[in-house]
Amino acid sequence: MAANMVYDMRIFKGNVMGFLNFVQRLFPGWNASGQKFAYMTALNQYLRDRIASAKDKSERDWLFGCKKNLYPAIQNIIRLEEARVRPEDMKIWGTLDKDISLFVEMWKHLEQLDNHIADFRSRMHELEEPEIFEREVNKVFRFHGKKMIVWNGFQFLTPIQQFVYDCFERSGFDIYALIQDEKKYPYANEIWRHLYNENNGYPPAEQWIRFENSEERNPLGEIFETGQKTTAPNVKIIKYSNTIEFVEDISRIKEEGFYLYSADDYVANSMLKAYFPERYEVRNLLSYPIGQFIYTLHNMWDENLQCITLSADGLRKCFASGWLSLYGKSSIRYTEDLERILPYFENCYTIEEWTKRLNIFSEAYENAYDVFMQSPSEFDCFADQISNQVQVQISQMQIDQAQVDQVQVEKRKQKRLSNPLVNFGPFSVEKDRAEKVIEFICQLIQMARSLFEKNEPVSIQQHMSKLDAMLYRNDGMPQELYLEEKEKVKQIFKALENEKIKDFLCYPGDLATALLSFMSGKLDDEEEKNNQLKTLVFHIFQIESASVSAKGKVHICLADITKLPGMPGKYTWSLDGELLSKINATTEKTYLSNWLENDQLLTLSNRYYVYNALKNQEVELSWVYQQGEKRFSPSPYITLLDKLSDAKIQDSTVRNLDLQYVAGVPQHQHFDKTYSIEENKDLHLREDELEYSVCPMRYVYSSVVGDSPAYVNEYQQNRAIVRLIQILKKLLKDRYSVEEIAEQVFELFPYIRKAEKRQMLDDALRWELPRSEESCTVDGEYKYTNERWNLTFLDYETYAYAEKMASMLMNQNGRRDIYPERVGAGGSRNCEFCPHARYCPHALFGIDYKGENE
557 MAANMVYDMR IFKGNVMGFL NFVQRLFPGW NASGQKFAYM TALNQYLRDR IASAKDKSER
617 DWLFGCKKNL YPAIQNIIRL EEARVRPEDM KIWGTLDKDI SLFVEMWKHL EQLDNHIADF
677 RSRMHELEEP EIFEREVNKV FRFHGKKMIV WNGFQFLTPI QQFVYDCFER SGFDIYALIQ
737 DEKKYPYANE IWRHLYNENN GYPPAEQWIR FENSEERNPL GEIFETGQKT TAPNVKIIKY
797 SNTIEFVEDI SRIKEEGFYL YSADDYVANS MLKAYFPERY EVRNLLSYPI GQFIYTLHNM
857 WDENLQCITL SADGLRKCFA SGWLSLYGKS SIRYTEDLER ILPYFENCYT IEEWTKRLNI
917 FSEAYENAYD VFMQSPSEFD CFADQISNQV QVQISQMQID QAQVDQVQVE KRKQKRLSNP
977 LVNFGPFSVE KDRAEKVIEF ICQLIQMARS LFEKNEPVSI QQHMSKLDAM LYRNDGMPQE
1037 LYLEEKEKVK QIFKALENEK IKDFLCYPGD LATALLSFMS GKLDDEEEKN NQLKTLVFHI
1097 FQIESASVSA KGKVHICLAD ITKLPGMPGK YTWSLDGELL SKINATTEKT YLSNWLENDQ
1157 LLTLSNRYYV YNALKNQEVE LSWVYQQGEK RFSPSPYITL LDKLSDAKIQ DSTVRNLDLQ
1217 YVAGVPQHQH FDKTYSIEEN KDLHLREDEL EYSVCPMRYV YSSVVGDSPA YVNEYQQNRA
1277 IVRLIQILKK LLKDRYSVEE IAEQVFELFP YIRKAEKRQM LDDALRWELP RSEESCTVDG
1337 EYKYTNERWN LTFLDYETYA YAEKMASMLM NQNGRRDIYP ERVGAGGSRN CEFCPHARYC
1397 PHALFGIDYK GENE
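Pasting the structure below:
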């Protein structure tokens, strides 16, 4: 049918319209994102007030649970209104349970909120008048003197579809149903007979006008009708052993021109989007940095505590978005600095806690940190002069590059020699960069305060105006990126500029909850999802047009037993089938029967879609046998084709590589460069040699890629704090007790828990420090203690292994190349206390050492 119609679409130009678009013409503003946005804010406030007045904890917990179901509740209220059910209809048989009672109260609250529901009911009554309905239809379609309408492909009618259908009948329109039914395969086409039968006012099947090719055979149709073996030359069945095999085969599927379909396109697209982002025209704002920034900014409001909060993950997203800026510099340049500083703010949640900890950090940096830095000397002044000259114009100043490099080497050496705190992530950041990070955090806090701090009712328009003023272009953002992202965020403002809701007053926290739902796609119309958008996997109901859109090449993926034939539809909070059946049986003139019947038709629909898919020239059916720890059997339709046709199940051959293919893979260079640290001693400290001796890759990250190692994770930092206490006790001799030193050190790290403090103090008393052969390192006018090496190596075994291997650097058995060494002699576990373990691709973690034989 679709193949023939495509050539005659000229006659339909201007007269073809999707049903959703038509309903929006009849009911402007109904079931739109803006309406649901206003409902979300109103119900969030309603439940928040109920929670505040709740008398016991069990009731509050129940209300919190109900609060998570706001969107399903709004959808159900809209559907019940379309089915012509009223709140009072739900109470006619007796006492309601708590969930239903709350749902009815929420429904009544929305009735009184604005005129949306009242206007919709009034509009339905208006359209029941034939003259009014015909006038509205004539505004949309051109009938050329004939009152005829064609309904194409409706397998069943929802309540609102049934209402519109009845309006067409009352207004005297001739209705033609265009369907793809085949008389010779009644079982496969059972879905059509459920709606189009004499009981529903349609002519008997014998009177249907048919255009069929009696010679065509459908393999699945033949199996359904005869139960006998048949041929399926156009069908291929693929079994993927795991998800990776399926993902790797996508390139082949697309290159051969197949279109992908699935009974669960949401799961399929979620699986593939991470691997093929370029194949998606992403509508969800959260896929853009500006979307993440706006989402995180509004997520800072804690609904339960009624205050502004901040999380480490939220900070990461805001910094990475690039929408924070100061003095022409974007926050995206400071993400690594943020990562090092974040452990200092562990256990901080509210803005007050963050602000207090920020002040402590600033004081610690100013007081304790600067104590270890030597006073300005001629070298410091010269280094600053050189740095400034380089920033102005290095070519004009005629500065020798070797001189500049030497200055940088000396500055790095002095930093590592003089300050033990640089071994800790928060204090390893340069002072000016740490100040910038703090300013960025304060900027974000100020933004949140401007949106939420007053916590007074505000109109949606006022709130969005404040938000828009924050989204200005900073100097570090390319003009093209700014314009692109601002264009994406316009969809928020467009959805909320509806005259009926823009002046709607609500609390900022309730508005934030609704905005988060909107941005995550919850408030989108179900019918609009993937509509006219670039996507990789289409829903299986679109397979009817595959002969045209896919040019007859169809691949149905994820066709396992859980998705095909599928399960009957499920109801969301707080409705169920029994409740709707009671209302339907006791209430007149509703369209609930359509809702109840339609939710049972999924299996019939999917049966028809699979059968319809086999009409195409080339068809592939596939499923993934193992997804994670779960194993899936194939769909019964695949089993039938495998047993009763020549289309047998084939294992995927994607990963089977022959010798010829492997031999043709070009050789790749490996990171294995000959190198001797002894030949460059002037550029290195003793700890550099020790690190290189333990693991050359650790040296690369500490001294080549970075300027100094720093412990960031909690386990390593706690161990390093113990070492710092022990070192200070040893250097200060008997002037202070371990307890007194520990108390002072703990003040530098306010995030440490009491239990951890007790454990660290016990460890500081119990452990012994490894002894160094040399007591100090001389650099210029200063002597620096070698006890700092105990902060470089936090365990005795790795320190001993480093000393042993460093002594061999001068002979032929010493290291002369770059490679990772995870385990050393003497039981050293090189990765366990390595500060680079979190990002080094060669790192082993604690559990990985079990059974390690290296």
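Mapping to the numbering used here: the sequence shown position 587 is 1143, numbers consecutive.
Ideal Cβ placement from N, Cα and C applies to all residues, glycine included.
Using 10 angstroms around the beta-carbon of residue i, count the other beta-carbons present and answer buried if the total reaches 16, otherwise exposed.
i, result
"F699", "exposed"
"K720", "One point to set straight first is that residue 720 is Val, not Lys, in the sequence displayed. Buried."
"S1249", "buried"
"I1139", "buried"
"V948", "With a pLDDT of 47 at V948, under the threshold of 50, the modelled position of this residue cannot be trusted; read the value that follows with caution. V948 comes out exposed."
"T1142", "exposed"
"R749", "exposed"
"M573", "exposed"
"E1243", "buried"
"N944", "Only weak support exists for where N944 lies, its pLDDT of 49 falling under 50; the value from the coordinates is given anyway. Burial call: exposed."
"R1291", "exposed"
"Q862", "exposed"
"L658", "buried"
"E1082", "For E1082, the pLDDT reaches just 45, beneath the cut-off of 50, and the residue's location in the model is therefore unreliable, although a value from the coordinates is still provided. By the 10 Å Cβ count, E1082 comes out exposed."
"N753", "exposed"
"V1414", "The question about residue 1414 has no answer here: the residues shown for the chain are numbered 557 through 1410."
"N745", "buried"
"G701", "exposed"
"L1400", "buried"
"Y768", "Strictly speaking, residue 768 in this sequence is Glu, with Tyr absent from that position. E768 is exposed by the Cβ-count criterion."
"N915", "exposed"
"I794", "buried"
"E1176", "buried"
Would you mind giving the Cβ-Cβ distance between residue i and residue j, rounded to the nearest angstrom? I have them listed as a contact below 8 Å.
i, j, result
"I864", "E1009", "7 Å"
"F1097", "Y815", "Incorrect: roughly 14 Å between the Cβ atoms, too far for contact."
"L751", "V706", "No, L751 and V706 are not in contact; Cβ-Cβ is about 16 Å, not under 8 Å."
"P976", "R1254", "Rounded, the Cβ-Cβ distance is 19 Å, inconsistent with contact."
"Y1267", "N979", "6 Å"
"E637", "F676", "6 Å"
"L1304", "A920", "5 Å"
"M709", "E1185", "According to the sequence provided, residue 709 is Gly. The question's Met does not apply to it. With 8 Å as the limit, G709 and E1185 do not qualify as a contact, their Cβ atoms being about 39 Å apart."
"A610", "L619", "6 Å"
"L1454", "P1124", "No statement about residue 1454 is possible, as the shown extent of the chain runs from 557 to 1410 and does not include it."
"V803", "Y831", "5 Å"
"E781", "Y743", "6 Å"
"K792", "Q1206", "7 Å"
"F583", "R642", "Actually they are not in contact, since the Cβ atoms of F583 and R642 sit about 18 Å apart, beyond 8 Å."
"F1297", "N1346", "For the record, residue 1297 in the displayed sequence is Ile; it is not Phe. That belief does not hold up - the Cβ atoms of I1297 and N1346 are roughly 15 Å apart, past 8 Å."
So which of the options has the shortest CA-CA distance to residue i?
i, options, result
"D820", "S1105, S609, D805 and I1112", "I1112"
"S1178", "A588, E746, R691 and Y817", "Y817"
"I1057", "I1016, P789, L973 and D722", "I1016"
"L973", "T1348, N1154 and C1396", "T1348"
"S843", "R896, M1075, E895 and N855", "M1075"
"G884", "I846, K992, L828 and S797", "K992"
"S886", "N577, A1358, R1314 and E995", "E995"
"W910", "Q999, S614 and N571", "Q999"
"N774", "L1148, K1171, K1339 and R1279", "K1171"
"K1044", "Y822, C1062 and D1024", "D1024"
Exercise for the section: State whether the segment 855-869 contacts the segment 878-885, with contact taken as three or more CB pairs (one from each stretch) at a distance under 8 Å. Expected result: no
Practice task
Could you tell me which uninterrupted beta strand (DSSP E) segments, each at least 3 residues in length, are contained entirely in the segment 792-876, listed from first to last along the chain?
Solution key: 815-818
Exercise for the section: Check whether the segment 1327-1342 touches the segment 1001-1008, counting contact only when three or more Cβ pairs, one atom from each stretch, lie closer than 8 Å. Expected result: no
Practice task
Report the residue ranges of all alpha helix (DSSP H) runs contained in full by the segment 590-623; include only those spanning at least 4 residues, in chain order.
Solution key: 613-623
Exercise for the section: Could you tell me which uninterrupted alpha helix (DSSP H) segments, each at least 4 residues in length, are contained entirely in the segment 1264-1333, listed from first to last along the chain? Expected result: 1270-1288, 1294-1304 and 1310-1322
Problem - the segment 1377-1393 / the segment 1260-1277 touching (three or more Cβ pairs under 8 Å) - result: yes
Exercise for the section: Report yes or no: do the segment 570-589 and the segment 708-728 share at least 3 C-beta pairs separated by less than 8 Å? Expected result: yes
Exercise for the section: List in chain order: all unbroken beta strand (DSSP E) runs of 3+ residues lying wholly within the segment 721-751. Expected result: 730-734
Practice task
Tell me the start and end of each unbroken beta strand (DSSP E) in the segment 1161-1206 that is at least 3 residues and wholly inside, in chain order.
Solution key: 1174-1183
Exercise for the section: Output the residue ranges of the alpha helix (DSSP H) runs that lie fully inside the segment 1085-1160 and measure 4 residues or longer, sorted by chain position. Expected result: 1102-1105, 1133-1142 and 1148-1154
Practice task
Specify whether the segment 1119-1137 and the segment 622-630 touch according to this definition: at least 3 beta carbon pairs, one from each stretch, less than 8 Å apart.
Solution key: yes
Practice task
Ignoring anything shorter than 4 residues or poking outside the segment 758-788, list the alpha helix (DSSP H) runs there in chain order.
Solution key: 775-782
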